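Inspection log for the structure reproduced underneath, given as structure tokens.
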Amino acid sequence: MARRTELRRIHFTGTCSGKYHATRNPRLSRPLHEEVYDLTITEFEGRNCEVITEREHEAFTHDLSAEEVTGALCEWEGQLYRMQLAEVRVATAEGPEGVSKEGQDSFGQFHGTFTAVVMVPYEVFVPEADPEPLDVEDDDEPRTWTGTGPLNRVEVPVAPTWSDGCATGGCWEAVGWLLTILFWLVAAIALIGLIGVAPLVLLVLLVALLLSGGGILGGAGEAIGRVLGGILQFLLGLLAVGVLLSVLAGLFSFLKERPDERLRERTEQQELETQEDQLVVGEDTLIRHHLRWQDHGGQWHSMNWEVFRSHMRASLNHLDSIARHLPSEEDWRQLYGHLARTDSLHLSRLVSAARELGTREGLDRNQLAHALTTCVQSIPYSWMLEEPCPNGEGREWDGHPCKGEMPFGLNPPAGFVGDLRGDCDTRVLLLHAVLEELGYDVAVMLSQRYRHAMLGIVLPGRGSSLMHGGQRYYFYETTSRGFRLGYIHPQNADLRYWRLLKLDRDNPNFDNPSPWNSSRPSTTAS
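Using this note's numbering, read the sequence shown as starting at 96 and increasing by one per residue.
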């Protein structure tokens with residue numbers, strides 16, 4: 096897993112007060128040359144928005160050379176930053192209060208809200224197997240910024256980092272020195288084999304002569320010997336000190352305390368182990384998948400996914416009967432909620448197995464949610480297409496198995512339990528249905544721009560999230576192993592293009608207009 100530093104734009108909003116000055120022209124409705132200074136920030140909120148490149152950062156900050164107007168010590172996502180804003184724009188203002196005029200100038204105090212943009216360096220981990228690149232049309236939306244300025248870290252790291260206990264420049268450097276010494280020993284032995292012992296004896300005598308200060312030669316030879324001997328002793332001393340310091344530094348690096356592995360944004364997990372059984376029960380068939388997987392902490396879990404074949408068919412037939420066009424996100428919200436409600440009876444065995452998993456393994460509420468999500472992450476990704484698969488049913492297309500002619504390009508939850516084949520919204524719907532039955536507060540995170548869906552869940556965490564109804568819903572990727580709570584792949588990380596959908600599964604009235612032809616919102620693997 097590679098590690099690199101990126102810059103992210105963070106949008107900040109807050110309430111503030113300060114002094115105000117502007118030049119007014121009676122012919123114009125708006126003042127000229129507005130300035131705010133002595134700004135005091137009373138409330139503060141930051142939102143992680145977008146990864147940018149160093150070149151974009153330089154272009155962005157080139158024209159923003161206004162003087163610094165404020166500084167504030169702020170806490171965001173558990174970290175302390177000293178914020179310095181420039182080019183602040185006041186979005187709303189009450190006042191200015193006590194405005195006095197001198198000619199055409201206005202002065203006074205104001206209270207209002209501000210918006211600003213700052214750049215923050217993040218150290219991120221890049222998965223060894225990145226998702227396929229996503230083709231997204233660039234919008235023509237102008238990029239306007241309300242401010243800029245540095246965020247200076249205070250006492251805490253800017254991003255979680257981890258070490259495997261043998262960092263570059265540490266113990267590997269010590270190993271390099273040891274290998275160098277071994278190399279010279281082998282070279283000396285080889286040299287003896289090539290030229291014999293006599294020349295080496297002469298070389299040793301010469302070194303001894305130099306070290307003795309050239310006493311054998313006397314006079315000028317003694318002076319030359321002392322100079323050369325001093326130089327040789329100095330070089331040998333430097334070499335000895337360098338080797339000693341390198342070995343000590345390497346040992347210190349190897350023995351130092353390792354950071355908390357839980358801070359890693361993405362972890363490596365073993366592949367899912369599966370075993371399928373089909374049991375005849377009366378006139379029906381019970382499909383059972385025994386799954387064994389590894390969570391982010393390396394702990395192994397196991398459970399059975401079970402569903403009757405008749406329930407799979409009923410769920411798919413019901414989905415096929417629904418009209419096929421969803422022109423807005425609200426319609427997708429209704430569809431997802433409808434499927435969560437109608438498939439809940441088909442998932443009763445899976446919900447019971449999830450409860451039994453928590454009891455059997457002694458998992459608390461948070462551990463159970465992570466265990467179930469990592470289970471779904473471990474299931475290999477499959478394309479769900481409305482049209483036939485380009486390379487044939489079940490064959491690989493664009494790096495993943497393909498299942499075609501699926502209504503809305505969606506495998507309903509009961510179908511996913513039966514065949515373990517699903518894309519992003521298929522997985523999100525299943526987890527949403529199961530976790531909601533277990534009492535978790537969950538939502539669907541949907542992006543039309545990125546054509547992707549993720550689970551939203553209220554759990555203790557850090558990272559990317561959206562607020563709704565006073566609750567913070569963290570993003571949880573479901574399509575790839577190793578993604579932790581709150582981590583979004585950088586290519587999908589602009590939160591402006593994400594919407595949080597709360598599903599209304601208690602509403603039996605689902606719009607079913609005349610037959611439509613739809614294009615689905617989310618078909619992207621991550």
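For glycine and all other residues, C-beta sits at the position ideal for the given N, C-alpha and C. Bear in mind the structure is a predicted one, so any value in this text is a computation, not a measurement.
Inset, instruction - Spatial neighbours of R387 within its chain, please: CB distance less than 6 Å, with the 5 preceding and 5 following residues excluded, ordered by chain position. - result: On the sequence shown, position 292 is the one that residue 387 refers to. For R387, where only same-chain residues beyond five positions count, the Cβ hits under 6 Å are E368 and S397.
Inset, instruction - Using a Cβ-Cβ cut-off of 8 Å, state whether S477 counts as contacting chain B. - result: Absent from the structure: chain B. Only one protein chain is present.
Legend entry - Alpha-carbon spacing of T573 relative to Q566, whole angstroms: Position 478 of the sequence shown holds residue 573. Position 471 of the sequence shown holds residue 566. The alpha-carbon atoms of T573 and Q566 are separated by roughly 21 Å.
Legend entry - Sub-8 Å separation of W492 and P483 beta-carbons: Numbered from its first residue, the sequence shown carries residue 492 at position 397. Numbered from its first residue, the sequence shown carries residue 483 at position 388. Not in contact: W492 and P483 (Cβ atoms no closer than 8 Å).
Inset, instruction - Check V394 in the structure and name its three-state DSSP category. - result: For the purposes of this step, residue 394 is identified with residue 299 of the sequence shown, where counting begins at 1. Going by the sequence as given, residue 394 is Gln instead of Val. In the displayed model, Q394 falls within coil according to three-state DSSP, outside both helix and strand.
Inset, instruction - Assign C111 to buried or exposed, taking buried as 16 or more other Cβ atoms, counted over all protein chains shown, within 10 Å of its Cβ. - result: To locate residue 111, count along the sequence shown from 1; it is residue 16. Buried, since its Cβ has 16 or more Cβ neighbours within 10 Å.
Legend entry - Same chain, Cβ closer than 7 Å to S684, neighbours up to 5 away in sequence not counted: This structure gives no information on residue 684, because the portion of the chain shown stretches from 96 to 621.
Legend entry - Classification of E371 by the beta-carbon crowding that lies within 10 angstroms, buried from 16 upward: Within the sequence shown, residue 371 is the residue found at index 276, counting from 1. The residue in question, E371, is exposed, as its Cβ has fewer than 16 Cβ neighbours within 10 Å.
Inset, instruction - Determine, using beta-carbon pairs with one atom in the region 406-414 and one in the region 519-531, whether at least three such pairs fall under 8 Å. - result: no
Legend entry - For A409, three-class secondary structure by DSSP: The sequence position of residue 409 within the sequence shown is 314, counting from 1. Three-state DSSP puts A409 in a helix.
Inset, instruction - Take H527 and list the residues in its own chain whose beta-carbon comes closer than 7 Å to its own, dropping the five residues that flank it on each side. - result: Position 432 of the sequence shown holds residue 527. So the qualifying residues of the chain are A435, V537, V539, L550 and L598.
Legend entry - Cβ-based burial, D95 [other Cβ within 10 Å; buried from 16]: Since the displayed the chain opens at 96 and closes at 621, residue 95 lies outside it and no answer follows.
Legend entry - CB of P508 within 8 Å of CB of L452, strictly: In the sequence shown, counting from the first residue as 1, residue 508 sits at position 413. In the sequence shown, counting from the first residue as 1, residue 452 sits at position 357. No, Cβ-Cβ distance for P508 and L452 is not below 8 Å.
Inset, instruction - Thinking R579 and H391 are a contact (beta carbons under 8 Å), I'd like their distance in whole angstroms, please. - result: Indexing the sequence shown from 1 puts residue 579 at position 484. Indexing the sequence shown from 1 puts residue 391 at position 296. Their Cβ separation, rounded to whole angstroms, is 6 Å, which keeps R579 and H391 in contact under 8 Å.
Legend entry - Beta-carbon separation (whole angstroms), L445 vs W400, contact threshold 8 Å: Along the sequence shown, one-based indexing puts residue 445 at 350. Along the sequence shown, one-based indexing puts residue 400 at 305. Yes, they are in contact, since the Cβ atoms of L445 and W400 sit about 6 Å apart, within 8 Å.
Legend entry - Burial state of Q328 (16 or more Cβ within 10 Å): Here residue 328 refers to the residue found at position 233 of the sequence shown. With fewer than 16 other Cβ atoms within 10 Å, it is exposed.
Inset, instruction - Look up Q566 in the DSSP assignment and give the residues it is bridged to. - result: Indexing the sequence shown from 1 puts residue 566 at position 471. Beta-bridge pairing links Q566 to H563.
Inset, instruction - Taking 8 Å as the cut-off, decide whether the C-beta atoms of N587 and Y535 are in contact. - result: Stepping through the sequence shown from its first residue, residue 587 is reached at position 492. Stepping through the sequence shown from its first residue, residue 535 is reached at position 440. Cβ distance not < 8 Å, so N587 and Y535 don't count as in contact.
Legend entry - Contacting residues, own chain, Cβ-Cβ under 8 Å from F403 (five flanking each side not counted): Numbered from its first residue, the sequence shown carries residue 403 at position 308. V376, D379, T380, L381, I382 and H441.
Legend entry - Rounded separation between I276 and R460 - CA only: As a position in the sequence shown, residue 276 is number 181, starting the count at 1. As a position in the sequence shown, residue 460 is number 365, starting the count at 1. Going by the C-alpha atoms only, they are around 55 Å apart.
Legend entry - Residue of A283, V471, C497 and I284 minimising C-alpha distance to V512: Working through the sequence shown from its first residue, we reach residue 512 at position 417. Comparing Cα-Cα distances from V512 to each of A283, V471, C497 and I284, the minimum goes to V471.
Inset, instruction - Could you spell out the range, first to last residue, of the alpha helix (DSSP H) harbouring D514? - result: Within the sequence shown, the letter at position 419 stands for residue 514. Taken as a continuous stretch (DSSP letters only), the alpha helix (DSSP H) holding D514 covers P508 to D514.
Inset, instruction - Assign P485 to one of three DSSP states: helix, strand, or coil. - result: Stepping through the sequence shown from its first residue, residue 485 is reached at position 390. Residue state for P485 is assigned as coil, using DSSP reduced to three classes.
Inset, instruction - For S416, name the three-state secondary structure that DSSP assigns. - result: One-based indexing of the sequence shown puts residue 416 at position 321. Three-state DSSP puts S416 in a helix.
Inset, instruction - Spatial neighbours of G517 within its chain, please: CB distance less than 7 Å, with the 5 preceding and 5 following residues excluded, ordered by chain position. - result: Residue mapping note: residue 517 aligns to position 422 of the sequence shown, counting from 1. Within the same chain, Cβ atoms closer than 7 Å to the Cβ of G517 are found at S477, M479, N506 and F511, the five residues on either side in sequence being excluded.
Inset, instruction - Identify, in the order they occur along the chain, each residue of the same chain with its Cβ nearer than 7 Å to the Cβ of I474, setting aside the five sequence neighbours on each side. - result: On the sequence shown, position 379 is the one that residue 474 refers to. Answer for I474: L367 and L515, listed in chain order.
Legend entry - Close beta carbons around H495, own chain, < 7 Å, minus the five adjacent residues each side: On the sequence shown, position 400 is the one that residue 495 refers to. If we look at H495 and ignore the five residues flanking it on each side, its Cβ neighbours are Y476, S477, W478 and A620.
Legend entry - Cα-Cα separation between G393 and G577, rounded to whole angstroms: Along the sequence shown, one-based indexing puts residue 393 at 298. Along the sequence shown, one-based indexing puts residue 577 at 482. Spanning the two alpha carbons is a distance of roughly 10 Å.
Inset, instruction - Rank L467, L541 and L596 by C-alpha distance to the C-alpha of G564 and give the top, closest one. - result: Sequence index remark: in the sequence shown, residue 564 carries index 469 (1-based). In terms of CA proximity to G564, L596 leads the group L467, L541 and L596.
Inset, instruction - Mark T469 as exposed unless 16 or more other C-beta atoms lie within 10 angstroms of its C-beta, in which case mark it buried. - result: Numbered from its first residue, the sequence shown carries residue 469 at position 374. Result: buried.
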